[in-house]
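2 protein chains.
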Amino acid sequence: MVSEAPDWQLYRAFRAVMREGSLSAAARALRLTQPTLGRQIAALERQIGAVLFTRSPQGLAPTPAAETLLPHAEAMAAAAEAFQRAASGAADASKGTVRITASEIVSAEVLPPILAAFQDSHRGIAIELAPSNRIEDLLRRDADIAVRMTRPAQEALLARRIGAVPIGMYARRDYLARRGTPRSLADLAGHAIIGFDRDDSSWRGIEVARFRVSRESFAFRSDGDLVQLAALRAGLGIGGCQTAIAGRDPDLVPVLADEIRFELEMWLAMHEDQRADARLRLAFDHLAAGLARYVAAGAEARQARPARKGPVS
Amino acid sequence: MVSEAPDWQLYRAFRAVMREGSLSAAARALRLTQPTLGRQIAALERQIGAVLFTRSPQGLAPTPAAETLLPHAEAMAAAAEAFQRAASGAADASKGTVRITASEIVSAEVLPPILAAFQDSHRGIAIELAPSNRIEDLLRRDADIAVRMTRPAQEALLARRIGAVPIGMYARRDYLARRGTPRSLADLAGHAIIGFDRDDSSWRGIEVARFRVSRESFAFRSDGDLVQLAALRAGLGIGGCQTAIAGRDPDLVPVLADEIRFELEMWLAMHEDQRADARLRLAFDHLAAGLARYVAAGAEARQARPARKGPVS
DNA sequence: CAGCCGTCATACATATATGTATGGTAAGCG
DNA sequence: CGCTTACCATACATATATGTATGACGGCTG
Chain G
1 MVSEAPDWQL
11 YRAFRAVMRE
21 GSLSAAARAL
31 RLTQPTLGRQ
41 IAALERQIGA
51 VLFTRSPQGL
61 APTPAAETLL
71 PHAEAMAAAA
81 EAFQRAASGA
91 ADASKGTVRI
101 TASEIVSAEV
111 LPPILAAFQD
121 SHRGIAIELA
131 PSNRIEDLLR
141 RDADIAVRMT
151 RPAQEALLAR
161 RIGAVPIGMY
171 ARRDYLARRG
181 TPRSLADLAG
191 HAIIGFDRDD
201 SSWRGIEVAR
211 FRVSRESFAF
221 RSDGDLVQLA
231 ALRAGLGIGG
241 CQTAIAGRDP
251 DLVPVLADEI
261 RFELEMWLAM
271 HEDQRADARL
281 RLAFDHLAAG
291 LARYVAAGAE
301 ARQARPARKG
311 PVS
Chain P
1001 MVSEAPDWQL
1011 YRAFRAVMRE
1021 GSLSAAARAL
1031 RLTQPTLGRQ
1041 IAALERQIGA
1051 VLFTRSPQGL
1061 APTPAAETLL
1071 PHAEAMAAAA
1081 EAFQRAASGA
1091 ADASKGTVRI
1101 TASEIVSAEV
1111 LPPILAAFQD
1121 SHRGIAIELA
1131 PSNRIEDLLR
1141 RDADIAVRMT
1151 RPAQEALLAR
1161 RIGAVPIGMY
1171 ARRDYLARRG
1181 TPRSLADLAG
1191 HAIIGFDRDD
1201 SSWRGIEVAR
1211 FRVSRESFAF
1221 RSDGDLVQLA
1231 ALRAGLGIGG
1241 CQTAIAGRDP
1251 DLVPVLADEI
1261 RFELEMWLAM
1271 HEDQRADARL
1281 RLAFDHLAAG
1291 LARYVAAGAE
1301 ARQARPARKG
1311 PVS
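Taken in sequence, the protein lines are chains G and P. If you use this note's numbering, the first sequence corresponds to residues 1 to 313, in order. If you use this note's numbering, the second sequence corresponds to residues 1001 to 1313, in order.
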């Protein structure tokens, strides 16, 4: 249990050198000098009894041992940044920074108005929004709060279920005018479908199997969710979209709304051990309320969807 | 992106003071001196612009702000320890330390022989075994490898399914001789059942609802899984047990084996970003093989279970 | 091929952090 | 109530780490 004081400063030096690739660059990044970094790396190598870098005039090349250690240094750095973030408002909950992560779609289409309202009522709190589909960044404390479309299965997380977000297929009005409106699943065969490229993670958890959806069946492929949405809005083809988002655009028309409909659960999560943080709590509750309204709007959009023959507009 | 070098050393000092409760004690723990710790804490307070402790002759009492920051410091410490662990064998994969976490039962009843074999073939590798039912400790890098009885739902983890571990109800032979052998679920009413006290986490994921199992229905209650097992072996009553473990004890007799039977999935998990670590890989594969044999043995024990009227033995 | 730029290593001066010693205060105990 | 003990704060000496300056090596480019 007694840790023999291995100088955390050395870990920071190690990470900087790994990231920057040379002592000099690392020194610049840490606002130190090259000899200092050189000594710190030497000290670390002496302490663990292994060579971490092969020196060269081009910089320091990491050995396999260094590659093994990097993840831990990164984890420390993530925690250190989280510490700073939390400390920024430790004195006063009405000041500081909150870092949020969410999917690209949610980050771009759903959160901005919600965060604007929060910003307005809490001028002192700065907001960072990191669009990402990876879940790990919350666990690694890359973010304080996460909006996710799957249930967080981690017990270390404080998770709140927001609701079910309905998804449907849509197309732009003029696309349907040109190519015709599909009346059945079979009709889709001749249409341009917008889908994923290599990364099907967004489509997991959805029973798309019965629609025999595979990479090859897409006429337009992209792993960028926002790119897919832009393609849909540009009339490039038929694609999936959250009903609440599609409902805002009068030119987007539901396609096969009765045949193809599914939902994604929306969850809000933060670290359990940050429950006591007043600032985070504030942001968490505001997000929960705002997202709940969004989900409710989506359910309405679904309910009040236009007849399949055309939009109400 | 440019972090303005907030001296990781201060975080270590902060954590030590939080844990030890005084500058002096923290100084002892870190092999530093009291004035040094005092200055470091002062520097940290100055940097974040908040008071972290209220000084007193009895020690330092943390303010709410300090409580808020502690989890982050703990996360850093966990990563630092993981760094040390990984570094211990960075030079040579045949040396170093591997830290494993598993449930109490698995730690005490299943792993020892498997780890003994590993120890025998890899003398240089020290093994730490942390019995715990919490899953978070792997995420926080409190351990390198985890054996869990639920599917790890985290994408940041490299998980391998070992197999299904059959569970059944058992009782000691002489208990049944005294109290009679239940022939139906209804018969259980008059029996002494061994179960949990306050923490029902071990029972989650099991459809016990139809057995109307609740805290009050237990005659012997304990949250210690090993205590429950000891009670079962002592003939205190009827309790659940992995078939492979019960099968070793000729005095333990299955109870209502046809009516009550369920399984738990056994999983092995480690961090994805430690995949490259040769030493961990070695331990991981050895554990996977050893546990697979254990699971296979359990399936056999289930299949070759004695008739309900009595044991084969 | 010469000049330029980047890199790391070394030597020396300096600034910084740490350790030692001491004094003051509050709590526990016989 | 006085003794002991543990705690923190301060002043001073020391050790340590850092910065500055310089040299050597290798790649790039005209």
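Note that the Cβ used here is the ideal one computed from N, Cα and C, for glycine as well.
Problem set entry | Residue-chain proximity (T1097(P), chain G), Cβ-Cβ < 8 angstroms | Nearest CB-CB separation between T1097(P) and chain G: not below the 8 angstroms threshold.
For this session: Show which residues of chain G have a CB atom less than 7 angstroms away from the CB atom of R1012(P).
Result: W8
For this session: Pull up the DSSP beta-bridge partners for R99(G), would you.
Result: E128(G)
Problem set entry | Contacting positions in the region 79 to 97 of chain G - beta carbon closer than 7 angstroms to chain P | A79, A80, E81, A82, F83, Q84, A86, A87, A90 and A91
Problem set entry | I1100(P) to I1167(P) span [Cα, whole Å] | 23 angstroms
Exercise. Which residues, in order along the region 1015 to 1048 of chain P, keep a beta-carbon less than 9 angstroms from a beta-carbon of chain G?
Worked result: A1029, L1030, R1031, L1032, L1044, Q1047 and I1048
Exercise. Where L1010(P) and A1050(P) are concerned, what is the direct C-alpha to C-alpha distance, given to the nearest angstrom?
Worked result: 14 angstroms
Exercise. What residue ranges within the region 1220 to 1291 of chain P form continuous beta strand (DSSP E) runs of no fewer than 3 residues, ordered along the chain?
Worked result: Taking only runs of at least 3 residues, the beta strand (DSSP E) segments lying wholly in the region 1220 to 1291 of chain P are 1239 to 1242, 1252 to 1255 and 1261 to 1271.
Exercise. Taking three-plus beta-carbon pairs below 8 angstroms as touching, is the region 1096 to 1115 of chain P in contact with the region 1053 to 1071 of chain P?
Worked result: no
Exercise. Would a C-beta distance cut-off of 8 angstroms place L1282(P) and A1093(P) closer than the cut-off?
Worked result: Closer than 8 angstroms, so yes.
Problem set entry | Three-state class that DSSP yields for G190(G) in the structure shown | helix
For this session: Compute the distance between the beta-carbons of D1007(P) and A1078(P), then report whether it is under 8 angstroms.
Result: no
Exercise. How about E1263(P) and A1164(P): do their beta carbons lie closer than 8 angstroms?
Worked result: yes
Exercise. So the alpha helix (DSSP H) L176(G) belongs to, where does it begin and stop?
Worked result: R173 to R179
Exercise. CB-CB under 8 angstroms to Q1034(P), same chain, minus the five flanking residues each way: which ones, in chain order?
Worked result: Annotation for Q1034(P): L1023, S1024 and A1027 place their beta carbon closer than 8 angstroms to its own, counting only its chain and skipping 5 residues before and after.
Problem set entry | Contact set between the region 1053 to 1079 of chain P and chain G, restricted to residues whose Cβ is under 9 angstroms from the partner | T1063, P1064, A1065, A1066, E1067, T1068, L1069, L1070, P1071, H1072, A1073, E1074, A1075, M1076, A1077, A1078 and A1079
For this session: Under 6 angstroms Cβ to Cβ from L1188(P), same chain only, skipping five residues before and after it: list those, please.
Result: P1182
Exercise. How is the beta strand (DSSP E) around R55(G) delimited, first residue to last?
Worked result: F53 to S56
Problem set entry | Identity of the residue in Y294(G), D285(G) and S217(G) nearest R160(G) by Cα | D285(G)
For this session: Please confirm if H122(G) has its CB atom under 8 angstroms from at least one CB of chain P.
Result: At a cut-off of 8 angstroms between beta carbons, H122(G) makes no contact with chain P.
For this session: Flag D1144(P) as yes if its beta-carbon sits less than 8 angstroms from any beta-carbon of chain G, otherwise no.
Result: no
Problem set entry | L70(G), DSSP secondary structure in three states | helix
For this session: Can you give me the start and stop residues for the beta strand (DSSP E) that A1156(P) sits inside?
Result: In the DSSP assignment, A1156(P) falls outside any beta strand (DSSP E), carrying neither H nor E.
For this session: Classify E1216(P) as buried or exposed, calling it buried when 16 or more other Cβ atoms lie within 10 Å of its own Cβ.
Result: exposed
Problem set entry | Check: E265(G) C-beta below 7 angstroms from any heavy atom of the ligand GDP | Absence of the ligand GDP from the depicted structure is noted, as is the absence of any ligand whatsoever, leaving it without description.
Exercise. Using 8 angstroms as the limit for Cβ to Cβ distance, is R941(P) near chain G?
Worked result: Because chain P is modelled from 1001 through 1313, residue 941(P) falls outside the range shown and cannot be assessed.
For this session: Taking C-beta pairs closer than 8 angstroms, name the residues in chain P that D277(G) reaches, listed in chain order.
Result: The answer, in chain order, is T1068.
Problem set entry | Rounded straight-line distance, which links the Cα of A1116(P) to that of R1293(P) | 15 angstroms
Exercise. Can you tell me the Cα-Cα spacing of F1053(P) and T1063(P), whole angstroms?
Worked result: 5 angstroms
Problem set entry | Other residues of its chain near G21(G): CB distance less than 8 angstroms, five sequence neighbours each side excluded | G59 and L60
For this session: Could you list which residues in chain G have their beta carbon closer than 8 angstroms to that of R1141(P), in chain order?
Result: H72 and A75
Exercise. Between the Cα of L273(G) and the Cα atoms of A1186(P), E1074(P) and R1279(P), which residue gives the shortest distance?
Worked result: Reading the sequence as shown, one finds Asp at residue 273(G) and not Leu. Comparing alpha carbon positions, the residue from A1186(P), E1074(P) and R1279(P) closest to D273(G) is E1074(P).
Exercise. What residues of chain G sit near D1273(P), judged by a beta carbon separation below 7 angstroms?
Worked result: Contacts between D1273(P) and chain G, judged by CB atoms closer than 7 angstroms, involve P71 in chain order.
Exercise. Taking the C-alpha atoms as reference points, what is the distance between A102(G) and A288(G)?
Worked result: For A102(G) and A288(G), the distance between alpha carbons rounds to 13 angstroms.
Exercise. What does A1126(P) touch in chain G if you count any residue whose Cβ is under 9 angstroms from its own?
Worked result: Neighbours of A1126(P) in chain G, taken as residues at a C-beta separation under 9 angstroms, are lacking, since the least C-beta distance is about 15 angstroms.
Exercise. Should D1225(P) go down as buried or exposed, given a rule of 16 or more other Cβ atoms within 10 Å for buried?
Worked result: buried
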